[in-house]
Structure formats: C-alpha cells, structure tokens
Amino acid sequence: MKKRAKIDKFELLKTAQEPARLARKLHPFYRGKVEIIPKCRVKTLNDFSIWYSPGVAAVCTDISKSPKLVYEYTNKWNTVGVVSDGTRVLGLGDIGPEACLPVMEGKALLYKYLGGVDAFPICLDTKDEKEIIQTVKILQPSLGGVNLEDISQPKCFSVLNTLKKECKIPVWHDDQQGTALVILAGFINALKVVGKKVNKIKIAMIGAGAANVCISKFLILYGVNPANIVMADVKGTLHKDRYDLKPCKEQWNMVSITNVENIRGGAKEAMENADVVIALSASGPGIIKKEWIKSMAKNPIVFTCANPTPEIWPWEAKDAGAVVVATGRSDFKNQVNNSLGFPGVFRGVLDVRASIITDAMCITAAIELASCVPDNKIKSDKILPTMNDWEIFPKIAAAIGVKAVKERVAEKKMSYDKIYNTAKDIIKRSRAITENLMKKGYIKKCVK
13 MKKRAKIDKF ELLKTAQEPA RLARKLHPFY RGKVEIIPKC RVKTLNDFSI
63 WYSPGVAAVC TDISKSPKLV YEYTNKWNTV GVVSDGTRVL GLGDIGPEAC
113 LPVMEGKALL YKYLGGVDAF PICLDTKDEK EIIQTVKILQ PSLGGVNLED
163 ISQPKCFSVL NTLKKECKIP VWHDDQQGTA LVILAGFINA LKVVGKKVNK
213 IKIAMIGAGA ANVCISKFLI LYGVNPANIV MADVKGTLHK DRYDLKPCKE
263 QWNMVSITNV ENIRGGAKEA MENADVVIAL SASGPGIIKK EWIKSMAKNP
313 IVFTCANPTP EIWPWEAKDA GAVVVATGRS DFKNQVNNSL GFPGVFRGVL
363 DVRASIITDA MCITAAIELA SCVPDNKIKS DKILPTMNDW EIFPKIAAAI
413 GVKAVKERVA EKKMSYDKIY NTAKDIIKRS RAITENLMKK GYIKKCVK
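Residues in the sequence shown are numbered from 13 upward in steps of one, following my numbering.
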C-alpha cells in the first residue's frame, strides 16, 4: 500500500505542476484571457452614425424617459461584474488586487464560454468593507449583476448581505452560494449511493469559514437536522461557549443551532460516528487522518475540498472505508467545482431579469444540477456531471429562472422551456464564436 501511495503522489505532483508551467507561458503570450469584440454589424464607417453620434442620442433620450429600456438597448442585460479586493484568493490569501486579476479574468472567461455571460473583472484597491459596498452600488447602472469573489471573512458576509438588500440587481458571492450550491448537489446524489435519509444523518463540517457556513445553511434548508451538524475550525468544535465567534453573526448563528450534544474537541471528535464529512479548511494532505474516517458511521461520505490539495488523498480516504469521496480537483473523480453552478445561475437570473438570488433559488438550482445525473447513472465515483456536459447550464438557468418567477423577484415571466431554449442558444453562440476565432487564427495557437 505504501508503494501505491508513493506512485500516486509522484504522478499527482507531475500533473499538479503542469498547469502552473503552462499558465506562466500562456498568460504572457495572450496578454490576458478576455477582450471586447463588437456584436453589431459595421459594414462601413457610416454605420457609426447609428451606433454612436448622432443616432445614439435618440436611444439615450428614450432611456432617460423610460430607464428600463436600458436592458433592451444596451448590453446591461447580459453584463456581470466580477468584483474582488484580492484578500482571499484561492489558496494564496491576501495577495492584492493586481495579483488577483488573472483569477477574475479566468472567472470572466468561464462565464462567457459556459454561460454566454459577458463578465468583466473589477479588482478594487481597497479592503474597506464600506468602500466595497459603495463601489458596487454606484456601478449598478452599467451592470446586470455582480459576482463577489475572494473577499476575506467576516466582511464577506456583511458585504453580501448588505448588497443583496440595497441593490436593484442580483448580487452573488461565489465562495458562499456557489460553493454551497454545488456541494449540496453532490451531497444529494451521494446520499443516494449510500442509501441514507437526509433528516437522519450526522454531518461533520471541518472549517467554519464563509463556504462551510453557507453550505450548512443550504443543508438545513434541504432537510438536514441542524442539531446533527458539528462544525470545527482551527480552535475546535463550535459549541455554546465559543464566545470568540460572537462578533460574526453568521458563525454565531451556527453556534446556537448546531452541535446539540455540545461535543468538545476538534475535527477528530466532530467526525466520530458522522455519516458525512464536508471539509473546506487547510490545504493537505494530512489535515484529516485515515483513523478519523475509520471512526465515522458505516458507509461514510467524504468531501475534502481544500485548494489546491484536499485535506486527505482520495485513495487514503477510500482505504479508510469512505464509500463516496469528492474533492475540488479535476484530476480525481467527483470534482466539486463551482464552475458547474455560477454560469447557469447567472444565465437564468439575467434572462428573467431577477432582482435578487434567494436561498430558495439556490436550492432549486442545486436540485436541478443533481438531477443532471440520472438515478440509474449515479455511482460512488459519479455523483455530479462535469463541465463537458454543457447542457447542464441551460437546465440550471431554466430551473433558477422559473423559481425566480415563482418567488416574484423576476421582471420577465418566462416558462421553463422558454428560458432553457434562450439560454441554450446564447451559450451555443458563445462557444461557436470562440471556436471560430481559433479556427480562423484570430486566437493564435501557442506552442506548449
């Protein structure tokens, strides 16, 4: 067994280093990942009398009289700002706004290719919570929605909550809602593999940051008994005497509703007799021990999603008895990837012109994502679709769009089929544009 682990680790190291090598070569070659190209026809320079002055004045006048026409006359309807202050980037921490720009550009690329959404990176040279909130609010006229990204806690909670209340456009924090949505989808199908009931299981949450707090909230909304959730952070389990968490409303709420048995200790104690462990803590391996998994209930489910390396290697978790193992990495089975969620979510909310993304809308989207793997196809190593299954995105768009209509937060009332077909056409067009640009050589090929 030791020999197998050494081989796996050697191959993993080679695989893990290759993206970094290529990234350092390809980023300067392309000098960024996204650009603006025209979507209107320009046959002669005379056309600019329509697209710009003097013709555009008529359009501006119409919008000034009826502001909602901005959605019909401009690209606001399809524009999302990816906003970050660079204080909690991937596994890198507080690296600043310039250093986080490649990540936000990558997010914009995913939005365009997978969801047909025109997303733009907006990296802010401030760490001040109030300034971030004010900046997003004053940018609203140009945007159809906002994706908050890589903002440190606890301010990420208040920034999201304030903007959801005070903005006229939908605001989403992918590190909270996006992660929770995809984890919930995987969780739904993992339970089917082991045949356990959602209201009977015990869950250990390793890490009590923005992601796991939101995941816990979604699990509870889905039917998990909060009393059966035990959370643990670097200081130990969350219990009634953890007054250090009181300044953060969201974490303190978890203290009050979870861990009814008042279990003390750390991750080890939280995992004893648990049916499921969901870890978004420190990069591993070795953060979670094999013996801790052995102490879990029969047929345990293990989600170890730290970046860039999971808290325990998947094969070690399997050797310890885990039936289902999921990580955040594409080189292992059962990748839990936010990119399965946010492109379809925003495609849907933009198309029905939703003013907010509610928790109920997120739960609906998670259930739809889970259903994209038919029950007869769900296996211990296949609990979620992959990004290659591109039709998941219009399906999520349609599900969340219909839910927005039902919740009366959508301005455009559209049926599931209408939203699905609209999203499908937009996404197909976006992918075709990229493929044609590569085929024609306008996106040049770089020798790797």
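Ideal Cβ placement from N, Cα and C applies to all residues, glycine included.
These figures come from a predicted structure and were not determined experimentally.
Practice problem: For residue 14, count neighbouring Cβ atoms within 10 angstroms of its own Cβ and tell me buried if that reaches 16, exposed if not. | Solution: Here residue 14 corresponds to residue number 2 of the sequence shown, with the count starting at 1. With a pLDDT of only 44 at residue 14, under the threshold of 50, the placement of this residue in the model should not be trusted; the figure read from the coordinates follows. Result: exposed.
Quiz item: How is residue 371 classed by DSSP in three states: helix, strand or coil?
Solution: For the purposes of this step, residue 371 is identified with residue 359 of the sequence shown, where counting begins at 1. Looking at residue 371 - three-state DSSP - the assignment turns out to be helix.
Quiz item: Does the beta-carbon distance from residue 500 to residue 102 come in below 9 Å?
Solution: Nothing can be reported for residue 500: it is not among the residues displayed for the chain, which extend from 13 to 460.
Practice problem: Along the beta strand (DSSP E) that carries residue 183, what are the first and last residues, could you check? | Solution: Here residue 183 refers to the residue found at position 171 when the sequence shown is read from its first residue. Judged by DSSP secondary structure, residue 183 falls within the beta strand (DSSP E) whose first and last residues are 183 to 185.
Quiz item: Are any of the Cβ atoms in chain B nearer than 9 Å to that of residue 332?
Solution: As a matter of chain content, chain B is missing from the structure shown, which is built from one protein chain.
Quiz item: Can we say the stretch 268 to 278 touches the stretch 242 to 255, given the rule of at least three CB pairs closer than 8 Å?
Solution: Put simply, the stretch 268 to 278 touches the stretch 242 to 255. At least three CB pairs are less than 8 Å apart.
Practice problem: Would you check if there are 3 or more beta carbon pairs closer than 8 Å linking the stretch 230 to 244 to the stretch 348 to 358? | Solution: These segments do not touch.
Practice problem: For the stretch 103 to 113 and the stretch 135 to 150, state whether three or more C-beta atom pairs, one from each stretch, are separated by less than 8 Å. | Solution: Contact between the stretch 103 to 113 and the stretch 135 to 150 is present, because at least three Cβ pairs lie under 8 Å.
Quiz item: If you check the beta carbons only, do residue 149 and residue 97 fall under 9 Å apart?
Solution: Position 137 of the sequence shown, counted from the first residue, corresponds to residue 149. Position 85 of the sequence shown, counted from the first residue, corresponds to residue 97. No.
Quiz prompt | Bridge-paired residues (DSSP) for residue 347 | solution = Within the sequence shown, the letter at position 335 stands for residue 347. Per DSSP, 339.
Quiz item: Of the residues 449, 405 and 380, which one's Cα is nearest the Cα of residue 415?
Solution: Counted from its first residue, the sequence shown places residue 415 at position 403. With distances taken between CA atoms, residue 415 lies nearest to 380 out of 449, 405 and 380.
Exercise. Please check the pair residue 130 and residue 159, which I expect to be a contact at CB under 8 Å, by giving their CB distance rounded to whole angstroms.
Key: As a first step, residue 130 must be located in the sequence shown, where it is residue number 118. As a first step, residue 159 must be located in the sequence shown, where it is residue number 147. Separation of the CB atoms of residue 130 and residue 159 is rounded to 12 Å, and the pair is thereby denied contact status at 8 Å.
Exercise. Check residue 258 in the structure and name its three-state DSSP category.
Key: Your numbering for residue 258 matches position 246 in the sequence shown. DSSP places residue 258 in coil when its eight states are reduced to three.
Exercise. Would you mind listing the beta strand (DSSP E) stretches within the stretch 147 to 205 that are 3+ residues and don't spill past its ends, in chain order?
Key: Complete beta strand (DSSP E) runs here, min 3: 157 to 160 and 183 to 185.
Self-check item: Touch test, the stretch 359 to 368 against the stretch 177 to 195, Cβ-Cβ under 8 Å, three pairs minimum
Solution: Touching, yes.
Quiz item: Can you tell me the Cα-Cα spacing of residue 411 and residue 209, whole angstroms?
Solution: The residue you call residue 411 lines up with position 399 of the sequence shown. The residue you call residue 209 lines up with position 197 of the sequence shown. Distance between the alpha carbons of residue 411 and residue 209: 24 Å.
Quiz item: Who does residue 96 pair with in a DSSP beta bridge?
Solution: In the sequence shown, the residue the question calls residue 96 occupies position 84. According to DSSP, which records beta bridges pairwise, residue 96 is partnered with 135.
Self-check item: CB-CB length for residue 263 against residue 225, believed under 8 Å
Solution: Here residue 263 is taken as the residue at index 251 of the sequence shown, counted from 1. Here residue 225 is taken as the residue at index 213 of the sequence shown, counted from 1. Yes, residue 263 and residue 225 are in contact; Cβ-Cβ is about 6 Å, under 8 Å.
Practice problem: Check whether the Cβ atoms of residue 205 and residue 424 sit closer than 9 Å, and answer yes or no. | Solution: Here residue 205 corresponds to residue number 193 of the sequence shown, with the count starting at 1. Here residue 424 corresponds to residue number 412 of the sequence shown, with the count starting at 1. For residue 205 and residue 424, no; Cβs fall outside 9 Å.
Exercise. May I ask you to list the residues that DSSP assigns as paired with residue 217?
Key: Taking the first residue of the sequence shown as 1, we reach residue 217 at position 205. By DSSP's assignment, residue 217 forms a beta bridge with 243 and 290.
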